[in-house]
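J.: Oh and the sequence shown: position 130 is 129 in numbering that gives the first Met the number 0, straight run, nothing missing. Got a structure for you, questions after.
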Amino acid sequence: MSSKLERLSQSLQEVFGEKLQSLVLDRGEVTIEVSAADYLHVALTLRDHESLHFEQLLDVSGLDYSTYGNGGWAGKRFASAAHLMSIRHNWRVRLRVFAEDDAFPVLDSLCELWASANWFERESFDLYGIMYAGHPDLRRILTDYGFVGHPFRKDFPISGYVEMRYDPEQGRVVYQPVSIEPRENTPRIVREESYGDVGHG
Numbered sequence: 000m001s002s003k004l005e006r007l008s009q010s011l012q013e014v015f016g017e018k019l020q021s022l023v024l025d026r027g028e029v030t031i032e033v034s035a036a037d038y039l040h041v042a043l044t045l046r047d048h049e050s051l052h053f054e055q056l057l058d059v060s061g062l063d064y065s066t067y068g069n070g071g072w073a074g075k076r077f078a079s080a081a082h083l084m085s086i087r088h089n090w091r092v093r094l095r096v097f098a099e100d101d102a103f104p105v106l107d108s109l110c111e112l113w114a115s116a117n118w119f120e121r122e123s124f125d126l127y128g129i130m131y132a133g134h135p136d137l138r139r140i141l142t143d144y145g146f147v148g149h150p151f152r153k154d155f156p157i158s159g160y161v162e163m164r165y166d167p168e169q170g171r172v173v174y175q176p177v178s179i180e181p182r183e184n185t186p187r188i189v190r191e192e193s194y195g196d197v198g199h200g
């Protein structure tokens, strides 16, 4: 582990103490996890604290842990991960938080702290169904406004629920039930011709 990451980890532990549910250093990256109740306060402190100074939010991504560890996951299902960067200190941190309610996941929005969170949170809402309380314009961004469901949830069917097509008689796009039969995707395996041959010396 580099001295810079050691310094960052130590600063995070000193500043947040028991508010950190976990701090993981892996593959040169620092990930901290906090509770949903502490999420906004911790994010504000990450931005404004002199020894941390994470002035830039690079990404917010939704996560669905429903099949994590081959289905052996016992924790909460939906999480959000914010990737932050300090230009002043030249270091990064991943801030992860789990939504308390799996049936209706809600987390605080980071839009008031970093304007760049706006579209990222809309994307996470659209694809995972995670609601961001306090977001100024939380609506779909990648799927159609009338779309049903959230396509990145691991229980969403591969073919979806409805399909759309242009109807020349009506002069508009129409929605109808999916007309293709569901099938299981099997990865194609390509092997070299000499695969499995034992060399003779």
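Every residue, glycine too, gets a C-beta built ideally from N, C-alpha and C. On a predicted model such as this, the values are computed, not experimentally measured, just so you know.
Please report the straight-line C-alpha distance between Gln12 and Leu94, rounded to a whole angstrom.
T.: 14 Å
J.: Would you mind giving the Cβ-Cβ distance between Ser158 and Ile179, rounded to the nearest angstrom? I have them listed as a contact below 8 Å.
T.: 6 Å
J.: Got a sec? Which residues, its chain only, sit under 8 Å from Arg164 by beta carbon, not counting five neighbours each side?
T.: Val172, Val173 and Gln175
J.: Taking buried to mean at least 16 other C-beta atoms within 10 Å of its own C-beta, is Ala35 buried or exposed?
T.: buried
J.: Does the Cβ of His149 have 16 or more other Cβ atoms within 10 Å, making it buried, or fewer, making it exposed?
T.: Buried: at least 16 other Cβ atoms inside 10 Å.
J.: With a Cβ-Cβ cutoff of 8 Å, do Leu56 and Leu141 count as a contact?
T.: no
J.: For Tyr127 and Phe146, what's the separation of their Cα atoms in angstroms?
T.: The C-alpha of Phe146 is placed about 13 Å away from the C-alpha of Tyr127.
J.: Would you tell me roughly how many angstroms separate the C-alpha atoms of Val105 and Lys75, rounded to the nearest one?
T.: 12 Å
J.: Pairs of beta-carbons, one from the region 86 to 100 and one from the region 110 to 123, closer than 8 Å: are there three or more?
T.: The region 86 to 100 is not in contact with the region 110 to 123.
J.: Which of helix, strand or coil does DSSP assign to Tyr38?
T.: helix
J.: Looking at Phe77 and Asp58, is the spacing between their C-beta atoms short of 8 Å?
T.: no
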